[in-house]
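When you line the sequence shown up against our numbering, it's residues 3 to 399, in that order.
Each residue gets a CB set at the ideal place from its N, CA and C atoms; glycine is no exception.
If you're wondering where the values come from, they're calculated on a predicted model, not measured in any experiment.
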Amino acid sequence: MASTERFSNLPDYAFPRLRKLLAGLEPGDTPMVMTIGEPRHALPDFTGPILAAHVAEFGKYPSNEGTPELLQAISDWIARRHRILVAPDRIVTLNGTREGLFNAALALCPNDKNGRQPAILIPNPFYQVYAVAAAAIGAEPVFVNATPETGHMPRYADLDPALLDRAAIAYLCSPANPQGAIAGEDYLEELIALAERHDFLILSDECYSEIWRAAPPPGALAVATRMGLADRVVMFNSLSKRSNLPGLRSGFAAGGPGRIAHMRRLRSYAGAPLPLPAQRVSAAAWADEAHVEASRALYQQKYAIADRVLGNVPGYAPVAGGFFLWLPIPAEIGDSEDAAKKLWAEAGIQVLPGTYLSRDTAQGNPGRHFIRVALVASADETEAALNRLKNCLYQGG
Numbered sequence: 003m004a005s006t007e008r009f010s011n012l013p014d015y016a017f018p019r020l021r022k023l024l025a026g027l028e029p030g031d032t033p034m035v036m037t038i039g040e041p042r043h044a045l046p047d048f049t050g051p052i053l054a055a056h057v058a059e060f061g062k063y064p065s066n067e068g069t070p071e072l073l074q075a076i077s078d079w080i081a082r083r084h085r086i087l088v089a090p091d092r093i094v095t096l097n098g099t100r101e102g103l104f105n106a107a108l109a110l111c112p113n114d115k116n117g118r119q120p121a122i123l124i125p126n127p128f129y130q131v132y133a134v135a136a137a138a139i140g141a142e143p144v145f146v147n148a149t150p151e152t153g154h155m156p157r158y159a160d161l162d163p164a165l166l167d168r169a170a171i172a173y174l175c176s177p178a179n180p181q182g183a184i185a186g187e188d189y190l191e192e193l194i195a196l197a198e199r200h201d202f203l204i205l206s207d208e209c210y211s212e213i214w215r216a217a218p219p220p221g222a223l224a225v226a227t228r229m230g231l232a233d234r235v236v237m238f239n240s241l242s243k244r245s246n247l248p249g250l251r252s253g254f255a256a257g258g259p260g261r262i263a264h265m266r267r268l269r270s271y272a273g274a275p276l277p278l279p280a281q282r283v284s285a286a287a288w289a290d291e292a293h294v295e296a297s298r299a300l301y302q303q304k305y306a307i308a309d310r311v312l313g314n315v316p317g318y319a320p321v322a323g324g325f326f327l328w329l330p331i332p333a334e335i336g337d338s339e340d341a342a343k344k345l346w347a348e349a350g351i352q353v354l355p356g357t358y359l360s361r362d363t364a365q366g367n368p369g370r371h372f373i374r375v376a377l378v379a380s381a382d383e384t385e386a387a388l389n390r391l392k393n394c395l396y397q398g399g
């Protein structure tokens with residue numbers, strides 16, 4: 003199949019679709035945008051001084067895989083956070099996790115699996131780069147619904163064993179975007195054992211891992227390492243959510259030495275290395291937890307606000323991690339697009355329709371009757387907006 007044909011079947015990206023949906027509608031109240039997962043908490047206070055101190059390094063070509071100092075800072079963070087040792091040569095820096103999640107499929111997916119077209123397993127709803135990566139390499143995307151009935155995690159083990167034997171890669175996001183569910187250790191152990199049995203790789207997207215309600219989510223690479231199966235997982239994380247630095251475009255992937263060597267090789271040709279000043283800031287950010295704890299406390303405050311305002315809404319589920327609410331839509335309103343238009347036209351609240359984050363399957367579209375709401379504004383703004391949302395969608399509860 004020609005590459006143009008592979009991409010022609012992809013729907014428009016979520017935010018252009020939303021702009022088209024709301025075009026011509028005037029906001030019914032002071033606009034409040036709750037669509038984009040862009041943190042608005044304060045940057046770490048060392049960001050500016052470090053950039054200023056190293057500004058001359060914009061005049062140098064940066065190392066492609068990451069400076070020794072940055073790789074060691076990431077290795078040290080993994081050791082503190084996940085209690086495993088990952089040597090710097092098992093880490094590669096990235097321009098945020100999206101680049102890595104895409105290029106990992108290019109670098110690590112075989113041309114065929116057991117003599118057949120490889121399959122890539124994708125949770126549904128999902129971060130859209132997973133599907134684009136499958137299209138780019140000509141793999142079959144297999145969307146596996148993650149619903150309230152499954153704990154908002156995909157049940158890959160329920161798939162046909164013949165399909166699992168064709169699987170080359172399984173994507174996982176925990177805490178999940180958009181549902182905020184967390185994959186527990188039991189779930190991860192079962193998934194890693196499944197990957198070993200059917201010989202596929204898990205790409206674990208953990209970019210929301212430092213935003214949680216009650217306890218830090220377990221990491222897939224840590225669980226796999228304790229099982230003696232570290233080569234079954236590549237984990238991804240970044241400073242975008244953890245450190246409120248989405249514009250720094252700084253993340254990493256870590257995994258088995260063979261996996262990371264392949265990713266480094268591809269990146270030496272196709273990747274854009276992080277500027278050295280950005281790498282200096284990144285090393286400091288991974289070494290510091292105080293700013294992370296302060297930001298997490300603000301999210302936990304907003305979790306409590308959401309529980310208080312929406313707790314009596316039928317189907318409301320308290321978020322376990324990340325900063326999105328995945329809210330059910332009353333049947334009388336219609337689907338997720340109907341709800342988004344109603345909220346904008348009547349309450350001035352901009353949200354993302356769940357169908358823009360999911361695909362139709364034989365079991366239905368799991369996002370059709372949900373909306374995603376980002377808790378990135380201040381606590382006061384969030385509370386005011388959620389009350390407007392509740393009064394509009396749920397008649398005040």
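Backbone secondary structure at residue i - three-state DSSP
{"i": "M3", "result": "Residue confidence for M3 is low, a pLDDT of 49 falling below 50, so the modelled location carries little weight; the figure read from the coordinates is stated next. M3: coil per DSSP, three-state reduction."}
{"i": "V323", "result": "Residue identity differs from the one stated: residue 323 is Gly in this sequence, not Val. Looking at G323 - three-state DSSP - the assignment turns out to be strand."}
{"i": "S338", "result": "helix"}
{"i": "K392", "result": "helix"}
{"i": "L190", "result": "helix"}
{"i": "A198", "result": "The question names Ala, yet the displayed sequence has Glu at residue 198. Correct three-state label for E198: helix."}
{"i": "Y305", "result": "helix"}
{"i": "R100", "result": "helix"}
{"i": "E1", "result": "Summary: the structure shown does not reach residue 1, with the chain confined to residues 3 through 399, and so no result is reported for it."}
{"i": "D162", "result": "coil"}
{"i": "Q397", "result": "coil"}
{"i": "G1", "result": "The chain is shown only over 3 to 399; residue 1 falls outside these bounds and no answer can be derived."}
{"i": "A386", "result": "helix"}
{"i": "V315", "result": "coil"}
{"i": "L24", "result": "helix"}
{"i": "V62", "result": "Note on residue identity: the sequence assigns Lys, not Val, to residue 62. In the structure shown, K62 sits in coil (DSSP, three-state: anything other than H, G, I, E or B)."}
{"i": "G400", "result": "The chain is shown from 3 up to 399; residue 400 falls before or after that span and cannot be answered."}
{"i": "L345", "result": "helix"}
{"i": "P46", "result": "coil"}
{"i": "P90", "result": "helix"}
Enclosing beta strand (DSSP E) for residue i [first to last residue]
{"i": "S1", "result": "With the chain represented from 3 up to 399, any question about residue 1 goes unanswered, as that position is not in the structure."}
Those residues which DSSP pairs with residue i across a bridge
{"i": "F254", "result": "T95 and N239"}
{"i": "V35", "result": "Q352"}
{"i": "W328", "result": "R374"}
Endpoints, alpha helix (DSSP H) assigned at residue i
{"i": "L53", "result": "T49 to A55"}
{"i": "A406", "result": "The chain is shown from 3 up to 399; residue 406 falls before or after that span and cannot be answered."}
{"i": "L174", "result": "Per DSSP, L174 belongs to no alpha helix (DSSP H); it is in the beta strand (DSSP E), A169 to C175."}
{"i": "P13", "result": "Looking at the DSSP string, P13 is not in any alpha helix (DSSP H), and its letter there is neither H nor E."}
Nearest-angstrom beta carbon gap, residue j and residue i [assumed within contact, 8 Å]
{"i": "A137", "j": "L12", "result": "6 Å"}
{"i": "A287", "j": "P64", "result": "The pair is not a contact, with the Cβ atoms about 17 Å apart (cut-off 8 Å)."}
{"i": "S245", "j": "V294", "result": "7 Å"}
{"i": "L276", "j": "L108", "result": "That pair is no contact at about 19 Å."}
{"i": "P320", "j": "D337", "result": "At roughly 24 Å, the Cβ-Cβ gap does not stay under 8 Å, so P320 and D337 are not in contact."}
{"i": "P177", "j": "G324", "result": "4 Å"}
{"i": "V88", "j": "R266", "result": "Not really, about 14 Å apart at Cβ, beyond 8 Å."}
{"i": "I1", "j": "F254", "result": "Because the chain spans 3 through 399 in this model, residue 1 falls outside it and cannot be assessed."}
{"i": "L250", "j": "V225", "result": "The Cβ separation is near 28 Å, so there is no contact."}
{"i": "R92", "j": "I262", "result": "5 Å"}
{"i": "G260", "j": "D290", "result": "No, G260 and D290 are not in contact; Cβ-Cβ is about 32 Å, not under 8 Å."}
{"i": "I171", "j": "I122", "result": "5 Å"}
Residue i CB to nearest heavy atom of the ligand ZN below 7 Å
{"i": "E383", "result": "Absence of the ligand ZN is noted for the structure shown, with no ligands found whatsoever."}
Exercise for the section: Would you mind listing the alpha helix (DSSP H) stretches within the region 103-158 that are 4+ residues and don't spill past its ends, in chain order? Expected result: DSSP runs (the alpha helix (DSSP H)) wholly in the region 103-158: 131-139.
Problem - Length at least 4, wholly inside the region 263-300: the alpha helix (DSSP H) runs in chain order - result: If we require 4 residues or more, the alpha helix (DSSP H) runs fully inside the region 263-300 come out as 278-289.
Exercise for the section: Scan the region 201-232 and note each continuous beta strand (DSSP E) run of 3 residues or more that stays entirely inside, going in chain order. Expected result: Complete beta strand (DSSP E) runs here, min 3: 203-207.
Practice task
Within the region 352-384, note down every full beta strand (DSSP E) run reaching 3 residues or more, in order along the chain.
Solution key: Fully enclosed beta strand (DSSP E) runs of 3 or longer: 372-376.
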